[in-house]
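Here the structure comes first, spelled out in structure tokens, and everything after it is commentary.
Number of protein chains: 2
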Amino acid sequence: MTIAINPFIAAIPTNPLRALFPYGARPGMLNLASGHPSKDAYDLEGLAEAASRASRDFSAWTYGSSAGDPALIGALAETVTTLPPGKRLLVTSGAQQGIDLAIRTFAEPGSKVMVPEPVYPAVLSTCAAIGVVPVGYQIAAGDNELAEFETVLQTAGDVRAIYALPTFGNPTGETLTREQRLRLLGLCARHGVPVIEDAPYSDLWFRAPPPPSLLDLAPQVDGATVIHLGSLSKIMSPGLRIGWLIAPESVAAAMQEARQASDLQPNALAQRVAWHYLQLGRLIDHVARVRGLYAERHDALVAVLTRAGFTVPVVDGGMFIFPVLPADKGNSDLFERAVVQDVLFAPGPAFRAQPDSGLFADRMRLCFAGLAKADIVVAAERLAAAVHA
Amino acid sequence: MTIAINPFIAAIPTNPLRALFPYGARPGMLNLASGHPSKDAYDLEGLAEAASRASRDFSAWTYGSSAGDPALIGALAETVTTLPPGKRLLVTSGAQQGIDLAIRTFAEPGSKVMVPEPVYPAVLSTCAAIGVVPVGYQIAAGDNELAEFETVLQTAGDVRAIYALPTFGNPTGETLTREQRLRLLGLCARHGVPVIEDAPYSDLWFRAPPPPSLLDLAPQVDGATVIHLGSLSKIMSPGLRIGWLIAPESVAAAMQEARQASDLQPNALAQRVAWHYLQLGRLIDHVARVRGLYAERHDALVAVLTRAGFTVPVVDGGMFIFPVLPADKGNSDLFERAVVQDVLFAPGPAFRAQPDSGLFADRMRLCFAGLAKADIVVAAERLAAAVHA
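Residue numbers (this note's numbering), protein chains in the order written: chain W, 1 to 389; chain R, 1 to 389.
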């Protein structure tokens with residue numbers, strides 16, 4: 001018997017980053033492709049202590065609220081994020097579940113969601129799985145920076161939400177200025193379209209904190225609606241799968257029902273571990289240490305690439321750069337040549353919002369969070385060798 | 001600005017069981033409504049030991065496979081479930097995520113899924129959230145037991161899957177016989193419709209194990225397709241949110257993509273805890289102890305109810321009974337009268353697949369897993385008093 005698969009599900013594109021996992025597992029491979037922090041960027045001692053404390057709480061082992069553990073919600077709102085009045089925070093299974101819930105809450109099958117070009121590819125998978133059409137937008141530098149964005153918003157038709165990653169973007173690492181944020185919010189408000197702000201990297205700044213989040217700026221823009229997504233994955237542990245969404249009360253109520261219908265509630269044990277970790281008071285020092293590690297690795301990576309002829313757009317934090325290959329070096333077999341040199345990168349085309357656009361053939365996403373400084377220099381030199389081979 | 005909510009999401013019915021949570025939290029309330037095991041039905045010492053071991057594994061804290069931790073998959077297939085050749089096991093966030101993934105994989109918006117009447121209400125929420133229409137079926141006792149099922153299957157139109165909970169059902173506690181299972185599989189195979197077998201309670205038998213699962217019987221029925229859903233929630237800990245689905249390879253591949261698009265991967269920490277718990281070798285004794293506890297509580301509850309004039313259909317395991325009120329005692333304010341008596345039950349109508357059917361007004365679901373034997377007797381007596389007040 002051949003069983004028919006829902007065409008939405010059958011059409012989910014394979015996540016090109018997860019498809020790189022097997023390469024990353026090869027012995028000797030230096031992995032610049034995956035957005036995975038290195039082992040020394042975890043506070044394993046603090047996490048183990050938090051797990052030990054959590055394991056003695058009965059609430060770690062039993063059912064709880066679909067919205068999340070009230071104690072954790074309180075601790076997140078106090079120490080990790082802002083929670084403006086009139087908004088509700090729901091704990092999610094990583095920011096990815098927040099993306100899924102937000103898109104599903106606003107966009108029914110056949111409607112459209114605007115996504116950055118280039119984009120974190122899991123967003124495209126989420127759209128595909130629910131039959132929503134992603135439409136790419138670019139925000140240029142300069143005076144007319146939001147002109148294309150506005151044109152797409154006006155002409156795409158049936159746009160239900162804007163997905164944005166305005167701080168240390170994935171893959172570009174780029175950050176919208178305060179002025180760009182306010183203009184983006186203004187345009188979306190004027191068109192009555194909510195903004196889904198994905199913000200997993202905001203705490204990973206190098207020298208100075210980034211501009212305020214869209215969530216924090218929204219009160220300055222009449223009629224702006226922001227769904228803000230945060231995560232402990234990049235500052236505490238991705239294995240915990242603890243993220244959150246912040247939404248206006250009425251929208252959050254719908255999202256909580258959707259969440260309950262999809263997997264009932266957040267993980268009780270992981271929530272207790274996160275809460276105990278926050279109580280330990282180690283997070284601020286830990287994140288400061290990680291910032292220093294990443295800044296140093298970033299600088300080492302950029303130095304080698306620049307000497308090798310790459311053009312590296314400036315980033316001020318996060319985990320990624322999205323450099324341009326040396327002129328005339330964009331080459332379809334570069335990935336294989338790099339693998340032979342035992343170095344892995346994520347090809348630029350993996351991040352196309354429109355798969356047939358031909359964009360980003362001369363770019364690659366490199367993660368500077370996953371390798372120690374000495375290794376990252378070796379990896380960059382291998383990459384340079386592969387490019388110039 | 002009023003933001004439009006996707007009509008599917010806006011139409012999710014509130015889960016009537018979760019709506020009872022606030023009543024259950026009142027001091028002095030004896031809760032027969034919620035399907036929550038009592039604290040003494042957990043192996044808290046073993047779980048704490050497993051958590052302590054898991055916290056020292058780096059893999060507990062970092063990213064992992066969307067399909068689940070291979071070590072846990074192996075341990076589940078060895079000790080907790082069967083994994084027939086040609087099938088793949090994916091770890092899910094509880095069986096609820098398995099229900100969501102299975103329904104979404106087979107049914108696109110506007111199509112139909114058949115569900116038992118009465119049904120576990122979260123299944124209806126899942127259908128609503130994705131715009132799928134649930135159609136109720138009943139399986140009667142006696143010779144012609146599957147006649148109505150077949151009629152619905154033939155006449156409902158566009159049925160993409162059958163949801164079934166054949167072992168110690170929720171809410172009824174009832175179990176399909178081996179013959180009923182084979183006939184059900186035969187009918188579904190003949191109509192080319194897959195069966196989603198939800199099996200969270202199968203290990204909680206009182207005197208003898210239940211008939212083989214639909215998954216295990218499927219090879220005897222040409223063309224039968226079964227998606228089997230299991231869970232550690234009822235035998236280890238619901239807070240871990242560890243379930244699994246077993247599906248034919250090709251279907252499992254689509255489900256894994258859908259899962260990745262929805263929340264990336266299972267909780268890494270909870271998977272390591274589950275794996276270490278299984279390594280401790282305590283599960284068999286623990287489940288045997290829980291079986292004994294529940295059987296004793298069940299017998300005590302049924303004895304009081306029977307004396308009070310309830311008709312209690314026989315169950316052989318699980319966590320629930322679905323008794324019929326004494327004649328002429330079905331009453332719309334019984335719930336409030338019971339609350340005044342400090343006892344909570346789940347009203348029969350909460351389990352209607354067709355909300356306007358008028359069914360089950362004279363029934364209630366009672367959970368015998370959540371209260372110690374002495375308390376369950378008091379709770380049953382309070383219930384009897386409320387009924388006869």
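The C-beta atom is built at its ideal place from N, Cα and C for all residues, glycine as well.
Any contact between the region 25 to 39 of chain R and the region 150 to 161 of chain R? By contact I mean 3 or more CB pairs, one from each, below 8 Å.
Not touching, per the Cβ criterion.
Given that aspartate 100 of chain R touches chain W, what residues does it touch there, using C-beta distances under 9 Å?
Residues of chain W passing the Cβ test: Ala261, Ser262 and Asp263.
If contact means a Cβ-Cβ distance below 9 Å, which residues of the region 16 to 46 of chain W contact chain C?
The chain inventory of the structure shown lacks chain C, comprising the protein chains W and R.
Over what stretch of residues does the alpha helix (DSSP H) that includes aspartate 285 of chain R continue unbroken?
Counting along the chain, the alpha helix (DSSP H) containing aspartate 285 of chain R begins and ends at 283 to 307.
Can you pull the chain W neighbours of glutamine 279 of chain R, defined as C-beta to C-beta under 9 Å?
None at all; the shortest Cβ gap to chain W is about 16 Å.
For histidine 391 of chain R versus glycine 46 of chain R, is the C-beta distance shorter than 9 Å?
One cannot answer for residue 391 of chain R here, as it falls past the ends of chain R, which runs 1 to 389.
Taking the C-alpha atoms as reference points, what is the distance between threonine 105 of chain R and asparagine 6 of chain W?
Distance between the alpha carbons of threonine 105 of chain R and asparagine 6 of chain W is about 5 Å.
Counting only beta-carbon atoms, is glutamate 257 of chain R nearer than 9 Å to chain W?
For glutamate 257 of chain R, the answer is yes, since a Cβ of chain W falls inside 9 Å of its Cβ.
Which of helix, strand or coil does DSSP assign to tyrosine 63 of chain W?
Coil at tyrosine 63 of chain W, not helix or strand.
Please report the residue range of the beta strand (DSSP E) in which proline 116 of chain W lies.
Note, proline 116 of chain W: beta strand (DSSP E), 112 to 116.
Chain R partners of alanine 122 of chain W, CB-CB under 9 Å?
Chain R residues near alanine 122 of chain W: Gln260, Ala261 and Leu264.
Between the Cα of alanine 48 of chain W and the Cα atoms of R:Leu44, R:Asp43 and R:Ala54, which residue gives the shortest distance?
For alanine 48 of chain W, the nearest C-alpha among the options comes from R:Ala54.
In whole angstroms, what separates the C-alpha of glycine 98 of chain W from that of proline 194 of chain R?
The alpha-carbon atoms of glycine 98 of chain W and proline 194 of chain R are separated by roughly 30 Å.
Quick one: does glycine 86 of chain W have its CB under 9 Å from some CB of chain R?
For glycine 86 of chain W, the answer is no, since every Cβ of chain R falls outside 9 Å of its Cβ.
Does glutamate 145 of chain W come out as helix, strand or coil in the three-state DSSP assignment?
Three-state DSSP puts glutamate 145 of chain W in coil, outside helix and strand.
Determine, using beta carbons only, whether valine 251 of chain R comes closer than 9 Å to chain W.
True, the Cβ-Cβ gap to chain W drops below 9 Å.
Just grab the DSSP bridge partners of asparagine 267 of chain R for me.
Note: asparagine 267 of chain R sits in no beta bridge, so no partner.
Please report the residue range of the alpha helix (DSSP H) in which histidine 388 of chain R lies.
First-last of the alpha helix (DSSP H) with histidine 388 of chain R: 373 to 388.
Report, in whole angstroms, the separation of the C-beta atoms of leucine 173 of chain R and glycine 318 of chain R, which I expect to be a contact under 8 Å.
As written in the sequence, residue 173 of chain R is glycine, which differs from the leucine given in the question. Their Cβ separation, rounded to whole angstroms, is 5 Å, which keeps glycine 173 of chain R and glycine 318 of chain R in contact under 8 Å.
Looking at glycine 64 of chain W and alanine 268 of chain R, is the spacing between their C-beta atoms short of 9 Å?
In this structure, glycine 64 of chain W does not lie closer than 9 Å to alanine 268 of chain R by Cβ.
So proline 424 of chain W contacts chain R; which residues on that side make the cut at Cβ distance below 7 Å?
It is not possible to answer for residue 424 of chain W, since the shown part of chain W is limited to 1 through 389.
Give the list of continuous alpha helix (DSSP H) stretches no shorter than 4 residues that lie fully inside the region 15 to 87 of chain R.
Complete alpha helix (DSSP H) runs here, min 4: 21 to 24, 44 to 54 and 70 to 79.
Just to confirm my understanding: we take alanine 327 of chain W, look at its own chain, exclude 5 residues before and 5 after, and list those with CB closer than 8 Å. What are they?
For alanine 327 of chain W, where only same-chain residues beyond five positions count, the Cβ hits under 8 Å are Gly309.
Along the chain, which unbroken stretches of the alpha helix (DSSP H) at least 4 residues long are found entirely within the region 187 to 255 of chain R?
Counting only runs of 4 or more, we get 214 to 217.
Taking 9 Å as the cut-off, decide whether the C-beta atoms of alanine 189 of chain R and valine 159 of chain R are in contact.
No; because the gap between Cβ atoms is not below 9 Å, this pair is not in contact.
Any beta carbon of chain R sitting closer than 9 Å to that of glutamate 182 of chain W?
The sequence given here has leucine at residue 182 of chain W, not glutamate. No, no contact with chain R.
Pull the bridge partners of leucine 366 of chain R from the DSSP assignment, please.
In DSSP, leucine 366 of chain R forms a bridge with R:Ile321.
Would tryptophan 61 of chain R count as contacting chain W if we go by Cβ distances under 9 Å?
Chain W, which has a Cβ nearer than 9 Å to the Cβ of tryptophan 61 of chain R, makes this yes.
Alpha carbon to alpha carbon, what distance is there between lysine 87 of chain W and alanine 252 of chain W?
Going from the Cα of alanine 252 of chain W to the Cα of lysine 87 of chain W covers about 8 Å.
Which residues in the same chain as phenylalanine 351 of chain W place their Cβ atom closer than 7 Å to its Cβ, once the five residues preceding and following it in sequence are excluded?
Around phenylalanine 351 of chain W: Pro118, Val119, Pro121, Pro171, Phe360 and Arg365.
Looking at the strands, I want to know which residues DSSP matches up with glycine 136 of chain R.
DSSP lists R:Val115 as partners of glycine 136 of chain R.
Applying the 10 Å Cβ sphere with the 16-neighbour rule, what's the burial state of isoleucine 103 of chain R?
With 16 or more other Cβ atoms within 10 Å, it is buried.
Tell me the DSSP secondary structure of alanine 261 of chain W in three-state form.
Note: alanine 261 of chain W maps to helix in three-state DSSP.
Can you find the residues in the same chain that come closer than 6 Å, C-beta to C-beta, to threonine 225 of chain R, ignoring five residues on each side of it along the sequence?
So the qualifying residues of the chain are Pro194.
Which stretch, first to last residue, makes up the beta strand (DSSP E) that contains valine 159 of chain R?
Run containing valine 159 of chain R: 159 to 164, per the beta strand (DSSP E) assignment.
Determine whether the Cβ of isoleucine 5 of chain R lies closer than 9 Å to any Cβ atom of chain W.
Chain W contact via Cβ: present.
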